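*Asks:*
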Amino acid sequence: MTHPWWKTSVVYQIYPRSFMDSNGDGMGDLNGIISKLDYLALLGIDVIWLSPVFKSPMDDNGYDISDYDDIAPEFGTLADMDRLIAEARLRDIKIIMDLVVNHSSDEHPWFESARQSKDSPYRDYYIWREAQPDGSLPNDIRSYFGGPAWTFNPATNDYYFHQFSTKQPDLNWDNPAVPDAVHAMMNRWLDRGIAGFRMDVIDLIGKDVDNKVLANGPTLHSHLQAMHQATLKGRDALTVGETWSVTPETAQLYSAPEREELSMVFQFEHIELTFDPVHGKWRPREFDLVALKHVFAKWQTELDGQGWNSLFWNNHDLPRAVSKYGDDGEYREASAKALATVLHGMQGTPYVYQGEEIGMTNVAFKVIEDYQDIETRNLFAERLEQGDAPDALMAAIHKNSRDNARTPMQWDASDNAGFSSAKPWLKVNPNYPEINVEASLEDQNSIFHHYQRLIQLRKTNPTLIDGQFKLLLADHPQVFAYLRKTDSETLLVVGNLSTEHLTVPLSDNLLSDSAQVLVCSGTSRTGLSQRVELAPYDAFIMSLG
Ligand code: TEU
Ligand code: CA
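Numbered by the numbering used here, the letters in the sequence shown go through residues 128 to 672 in order.
Now the structure itself:
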């Protein structure tokens with residue numbers, strides 16, 4: 128069966144400001160990424176998802192774009208971007224960029240014009256509403272980054288809508304000029320040689336603010352179909368939508384090939400299992416493996432043949448996988464490998480977030496001033512005002528702040544972890560002398576080399592791409608085990624996601640004397656017995672023939 132290239136690819140996400148600083152200003156940059164392409168080629172990844180590098184006042188670290196056609200000077204120039212695309216291509220690595228078009232920066236020329244006068248030609252690129260007759264806000268929608276989603280604009284004596292910071296005004300997709308401008312910009316970047324886009328909060332572009340419908344709005348899919356026709360059709364591109372609101376049913380609307388919208392989406396149901404239903408991630412709940420397995424099984428089953436899954440544990444908005452789902456203490460290496468095994472064994476396109484491949488961990492800065500993320504800072508201030516205890520807030524921040532994922536990449540044990548010769552924009556995790564790329568490359572049993580083997584297996588084993596998923600031991604509280612079956616092969620994937628020594632029963636119809644270990648971490652094993660011994664965080668992928 129032939130597949131589009133992105134079904135057999137592994138994507139590596141780079142958060143550019145934290146990846147590698149080439150010019151000693153404490154900020155990661157494009158030339159820093161170019162200097163590390165051989166490392167990424169060694170890991171074996173096929174695609175780089177580059178978080179935004181466009182011109183931006185950096186209120187939300189680049190997710191607030193003031194020029195979609197130019198590179199932020201902090202990161203380099205358009206010539207550097209062209210060089211990155213070319214140098215990556217020499218290593219068979221494609222680049223997809225971050226399309227942030229639910230909103231722009233308030234310093235984008237469109238908004239700077241729109242906010243000056245109701246007669247601006249760009250006025251309707253954004254969403255404006257008058258105050259209510261009693262002078263109150265247009266409605267009670269709140270911003271994700273704290274406070275109301277409406278900010279008063281004195282020059283036009285009305286309010287503009289922003290679901291994120293006050294410096295991220297939402298674009299008005301009901302105005303045809305907006306999709307037209309976005310499509311033209313997308314085509315310019317595709318013509319420049321990028322291989323597609325990750326689409327930031329793309330489930331929000333069909334919003335109807337007057338009826339307070341924000342995600343999955345009435346015009347969403349017509350916008351995505353129009354976008355596909357105007358930009359992606361006929362191009363062999365990878366597109367992945369960030370869709371916090373998606374369900375398996377609606378995921379099919381985005382990723383069923385015949386709908387000609389996107390290649391796949393990021394769903395977050397497995398992430399939100401640990402969020403409080405009302406207070407979200409700021410009242411974290413412990414994760415429950417049984418619930419997690421059922422969520423994964425549902426997505427694997429319902430998208431099989433209907434769409435396509437993305438597979439991830441973390442990204443630049445989420446805490447480090449080994450800290451959240453594994454054990455970042457005694458069993459850091461074992462648990463990181465086990466988490467990678469049970470994720471990469473599933474059907475879909477795996478995404479590796481920078482540093483995940485060496486088991487980088489969460490950070491626990493002592494004071495809020497050490498945190499840089501606008502979401503963390505705003506919500507600390509807002510919750511403090513609402514009476515939350517500072518210690519409880521800091522504990523929640525240690526668990527779920529986005530800065531957990533944004534501390535500089537740890538390259539070696541030299542100053543600043545080899546990330547920069549200057550003071551980094553965000554403090555380095557103090558565990559960098561032990562946890563760094565150089566140490567990982569020297570150790571054949573490192574997390575890095577386990578990721579390398581998993582990524583290599585995806586290129587060589589068709590069952591990993593096409594095999595039907597079947598959950599085993601569904602209610603076992605510590606073990607995540609499943610099958611991947613095609614007509615010609617059955618794979619068994621097992622991960623002990625606990626610190627306990629376990630013996631688990633396997634139904635005897637799985638026993639096969641042609642069982643062969645393909646990838647294994649922890650206890651080395653050969654064949655398969657009816658009762659499988661598992662040490663803490665043992666994990667393996669076995670072919671049962
Ligand atoms: O994130 C969308 C988003 O909703 C998350 O930031 C979420 O609010 C939170 O982090 C998880 O609980 C995207 C980008 O990935 C993020 O970095 C941007 O800040 C945001 O959109 C606005 O562009
Ligand atoms: Ca730099």
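Backbone N, C-alpha and C define an ideal beta-carbon position, used for all residues, glycine too. As the structure is a prediction and not an experimental result, all values here were calculated from the model.
1) What span of residues does the beta strand (DSSP E) with residue 368 cover, start to end?
2) Taking C-beta to C-beta, are residue 182 and residue 206 nearer than 8 angstroms?
3) Just to confirm my understanding: we take residue 434, look at its own chain, exclude 5 residues before and 5 after, and list those with CB closer than 6 angstroms. What are they?
4) Per DSSP, which residues does residue 660 bridge with? Please list them.
5) Flag residue 327 as yes when its Cβ comes closer than 7 angstroms to any non-hydrogen atom of ligand 1, and as no otherwise.
6) Measuring only from the beta carbon, is residue 190 closer than 7 angstroms to any heavy atom that is part of ligand 1?
7) So, is residue 233 buried or exposed, given that buried needs 16 or more other C-beta atoms within 10 angstroms?
8) To test your reading of the DSSP string, which unbroken beta strand (DSSP E) runs of 3 or more residues are found completely within the stretch 256-312?
9) At a cut-off of 7 angstroms, would you count residue 187 as near ligand 1, judging by its Cβ distance to the nearest heavy atom?
10) When DSSP builds the beta bridges, which residues end up paired with residue 176?
11) Jot down the residue ranges of each uninterrupted alpha helix (DSSP H) in the stretch 401-439, minimum 4 residues, whole runs only, in chain order.
12) With a Cβ-Cβ cutoff of 8 angstroms, do residue 145 and residue 598 count as a contact?
13) List in chain order: all unbroken beta strand (DSSP E) runs of 3+ residues lying wholly within the stretch 502-540.
14) Taking the alpha helix (DSSP H) that residue 579 falls in, what are its first and last residues?
15) Are the CB atoms of residue 429 and residue 477 nearer to each other than 8 angstroms?
16) Can you tell me which of the three DSSP states residue 236 falls into?
17) Assign residue 643 to one of three DSSP states: helix, strand, or coil.
18) What I want to know is whether the C-beta of residue 552 ends up closer than 7 angstroms to one or more non-hydrogen atoms of ligand 1.
19) Taking 7 angstroms as the line, does the beta carbon of residue 302 fall inside it for any heavy atom of ligand 2?
20) Could you have a look at residue 655 and say whether DSSP puts it in helix, strand or coil?
21) Might you give, ordered along the chain, the residues of its own chain that have their beta carbon closer than 8 angstroms to the beta carbon of residue 640, omitting 5 neighbours on each side?
*Replies:* Working from what's here:
1) If you number the sequence shown from 1, residue 368 lands on position 241. Its beta strand (DSSP E) spans residues 365-369.
2) In the sequence shown, counting from the first residue as 1, residue 182 sits at position 55. In the sequence shown, counting from the first residue as 1, residue 206 sits at position 79. No; because the gap between Cβ atoms is not below 8 angstroms, this pair is not in contact.
3) Within the sequence shown, numbered from 1, the residue matching residue 434 stands at position 307. Excluding positions up to five away in sequence, the list reads 378, 379, 382 and 383.
4) Here residue 660 is taken as the residue at index 533 of the sequence shown, counted from 1. Partner(s): 630.
5) By one-based count along the sequence shown, residue 327 stands at place 200. Residue 327: yes, Cβ under 7 angstroms from ligand 1.
6) The residue you call residue 190 lines up with position 63 of the sequence shown. Yes, the beta carbon of residue 190 sits closer than 7 angstroms to at least one heavy atom of ligand 1.
7) Here residue 233 refers to the residue found at position 106 when the sequence shown is read from its first residue. Counting the other CB atoms within 10 Å of its CB gives residue 233 a total of 16 or more, which places it among the buried residues.
8) Complete beta strand (DSSP E) runs here, min 3: 277-280 and 285-288.
9) The residue labelled residue 187 in the question sits at position 60 within the sequence shown. True, at least one ligand heavy atom lies under 7 angstroms from that Cβ.
10) For the purposes of this step, residue 176 is taken as residue 49 along the sequence shown, with counting starting at 1. Answer is 140 and 223, bridged to residue 176.
11) 416-430
12) Taking the sequence shown and counting its residues from 1, one reaches residue 145 at position 18. Taking the sequence shown and counting its residues from 1, one reaches residue 598 at position 471. Cβ distance not < 8 angstroms, so residue 145 and residue 598 don't count as in contact.
13) none
14) Taking the sequence shown and counting its residues from 1, the one referred to as residue 579 is at position 452. Run containing residue 579: 574-587, per the alpha helix (DSSP H) assignment.
15) The residue given as residue 429 occupies position 302 in the sequence shown. The residue given as residue 477 occupies position 350 in the sequence shown. Cβ atoms of residue 429 and residue 477: not closer than 8 angstroms.
16) As a working note, residue 236 is residue 109 in the sequence shown. It is helical.
17) Position 516 of the sequence shown, counted from the first residue, corresponds to residue 643. If DSSP states are grouped into helix, strand and coil, residue 643 belongs with the strands.
18) Within the sequence shown, the letter at position 425 stands for residue 552. It does not: the Cβ of residue 552 is nowhere closer than 7 angstroms to a heavy atom of ligand 1.
19) Within the sequence shown, numbered from 1, the residue matching residue 302 stands at position 175. Residue 302: no, Cβ never under 7 angstroms from ligand 2.
20) Residue numbering aside, residue 655 sits at position 528 when the sequence shown is read from its first letter. Coil.
21) For this step, residue 640 is matched to residue 513 along the sequence shown. 654, listed in sequence order.
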